[in-house]
Amino acid sequence: MSAKVIAIAQAKGGVGKSTLCANLATTFGDVGDTLVIDCDPPQNSLLAWHKVREDIYEETGLTVMKADKPSELLNLLEKEEKNFSYILLDGPPHINPMTRTMTAVSGLVLIPMAPSPVEVWSFEQMDALIGESKSINPKAESRLCWTRVRKRVRSSEYLIEEVRKGSQVKPFACQLTQRVAYLDSFAEGLSVYEWPDTVARAEIWSLFSVVQRLLKKCPDNNLKKRKDIIQFSRS
Ligand SMILES: Nc1ncnc2c1ncn2[C@@H]1O[C@H](COP(=O)(O)OP(=O)(O)OP(=O)(O)O)[C@@H](O)[C@H]1O
Ligand SMILES: [Mg+2]
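The sequence shown lines up with residues 820 to 1054 when you count with the working numbering.
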């Protein structure tokens, strides 16, 4: 068995990376052995979320570890890829050697973003990194995941359309809307799938189904070229 590695990455903070990671990881945890690697020190939001989760459940359905540097991430992936079906990586709030390593090793890169001008402006850097990573990880897939979307807001619809026209990264058709359930459930160590908000639950379920189908055509991971990955992460 070789794990499917999914990176959740963006060039900006507060876009919803950790929220997306926790929610997808819990659904993956229901269908296969799932490891989350928190690659965002010193915040380590996913570790904190999982600690709260451990207070509620004897068995959280997940394993959560952390990597403080790219070399630690590569060591962990090499050690654990045979032990898990899915490995999700929660990234830092900027493009640095860790984010570059994540895009170089993953079979699928998910890029969450809200339709707000500041987030869209910073997306340019992430879009460029996805282009660059083709040199080292040519078969990997990437998708934009619109999140914190406010429905029927004209400026949001406009931004979503502009990004669709200008980016090489395809967006998922399903979107996560702005809902307090995402915030409240995370604070309790839960996912929206374990929270009484049927709309949020349906959003995560739709996204999970699409990601699962997409994974069938993604490479598992790209761990064979360690030297090249280290060089790419520093460039
Ligand atoms: N769909 C959503 N609806 C409402 N609030 C959301 C949603 N997604 C995320 N949030 C909230 O937005 C804030 C930032 O989310 P999160 O911590 O997941 O972002 P991040 O990209 O991981 O941030 P950082 O870069 O600081 O780690 C949090 O308060 C979170 O609860
Ligand atoms: Mg985070």
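Where is the CB? At the ideal position from N, CA and C, for every residue including glycine. Computed from a predicted model, the values in this text were never measured in an experiment.
Partner residues in the beta bridge of residue 906, as assigned by DSSP, are 824 and 854.
By the neighbour-count criterion, in which 16 or more other beta carbons inside 10 Å mark a residue as buried, residue 995 falls on the buried side. Distance from the C-beta of residue 1047 to the nearest heavy atom of ligand 2 is not below 7 Å. Between the C-alpha atoms of residue 1002 and residue 838 there is a straight-line separation of about 8 Å. Between the beta-carbon of residue 986 and that of residue 946 there is about 5 Å, and that keeps the pair under the 8 Å contact cut. Not one heavy atom of ligand 2 is found less than 7 Å from the C-beta of residue 829.
If you ignore the 5 residues before and after residue 852, its C-beta comes within less than 6 Å of the C-beta of 903 and 904, all in its own chain and listed in chain order. In the displayed model, residue 962 falls within a strand according to three-state DSSP. By the criterion of a C-beta distance shorter than 6 Å, residue 823 is surrounded in its chain by 905, 926, 1034 and 1039, once the five residues flanking it on both sides are discounted. Shortest Cα-Cα distance from residue 955 to any of 1036, 1043 and 841 involves 1043. For residue 869, the number of other beta carbons within 10 angstroms of its own is at least 16, and it is reported as buried.
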